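**Student:** Quick one: the structure is below, and I'll ask about it shortly.
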Amino acid sequence: MAGPKLTKAAIIESLHEKHGLNRADIHTIIDEFFEEVKEGLRNDQVIELRGFGTFEVRTRKGRERARNPKTGAIVAVETHGVAIFRPGKELKDYVWDLRDNKPEKE
-12 MAGPKLTKAA IIESLHEKHG LNRADIHTII DEFFEEVKEG LRNDQVIELR
38 GFGTFEVRTR KGRERARNPK TGAIVAVETH GVAIFRPGKE LKDYVWDLRD
88 NKPEKE
């Protein structure tokens, strides 16, 4: 199970405390970064952030018979794009041992 959430507001506050930058400027930069990533995905580009990971869009094939999990109704699903994130090697290595001392679920 995941730990507590790290929100955009918490990231902005952390950057403000570490670097003394204006919160509004940090917020603008983060929002612009997200917009660049979304626009790249919309244009079918692969976004590679070295040391972090890769974002890309993959096509999920449509089906005529799928089930709405909320209602149980059978519905048709069109072919559509899905955003995928693949962590890079450095990120994988960084988090590999984080849960070594925690008990596993039974």
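Just so you know, we're using my numbering here: the sequence shown kicks off at -12 and counts up by one. No residue lacks a Cβ here, since even glycine has one placed at the ideal position from N, Cα and C. Only a predicted model underlies this, so the values are computations on that prediction, with no experimental measurement involved.
Here's a check: name, in chain order, each residue in its chain whose Cβ is nearer than 7 Å to the Cβ of LEU(-7), leaving out the five neighbours to either side.
**Tutor:** Taking the first residue of the sequence shown as position 1, residue -7 is located at position 6. Result list for LEU(-7): empty, nothing under 7 Å.
**Student:** Could you give the residue range of the beta strand (DSSP E) that holds GLY27?
**Tutor:** Here residue 27 refers to the residue found at position 40 of the sequence shown. Premise fails: GLY27 lies in the alpha helix (DSSP H), 10 to 29, not in any beta strand (DSSP E).
**Student:** Can you tell me the Cα-Cα spacing of ASN55 and ILE61, whole angstroms?
**Tutor:** The count along the sequence shown starts at 1 and reaches residue 55 at position 68. The count along the sequence shown starts at 1 and reaches residue 61 at position 74. When rounded, the distance between both Cα atoms is 6 Å.
**Student:** Need the endpoints of the alpha helix (DSSP H) that VAL33 sits in, please.
**Tutor:** Here residue 33 refers to the residue found at position 46 when the sequence shown is read from its first residue. Counting along the chain, VAL33 falls outside any alpha helix (DSSP H), and DSSP gives it neither H nor E.
**Student:** Does the contact criterion of 3 or more C-beta pairs under 8 Å hold for the stretch 36 to 51 versus the stretch -2 to 17?
**Tutor:** Verdict: no, contact absent.
**Student:** Closest by CA to ILE71, which one among ARG45, THR58, ALA53?
**Tutor:** Counted from its first residue, the sequence shown places residue 71 at position 84. When only C-alpha atoms are compared, the closest one is ARG45.
**Student:** Going by alpha carbons, who is nearest to LEU28 out of GLY68, ARG73, ALA53?
**Tutor:** For this step, residue 28 is matched to residue 41 along the sequence shown. Minimum Cα distance to LEU28 is reached at GLY68.
**Student:** Any idea what DSSP makes of ALA(-4), helix, strand or coil?
**Tutor:** Sequence index remark: in the sequence shown, residue -4 carries index 9 (1-based). DSSP places ALA(-4) in helix when its eight states are reduced to three.
**Student:** Can you list, in chain order, the stretches of the alpha helix (DSSP H) that have 4 or more residues and sit fully within the stretch 54 to 84?
**Tutor:** Counting only runs of 4 or more, we get 76 to 82.
**Student:** So if DSSP puts GLY7 in a beta bridge, which residue, or which two residues, is it bridged to?
**Tutor:** Position 20 of the sequence shown holds residue 7. Paired residue(s): none; GLY7 is not in a bridge.
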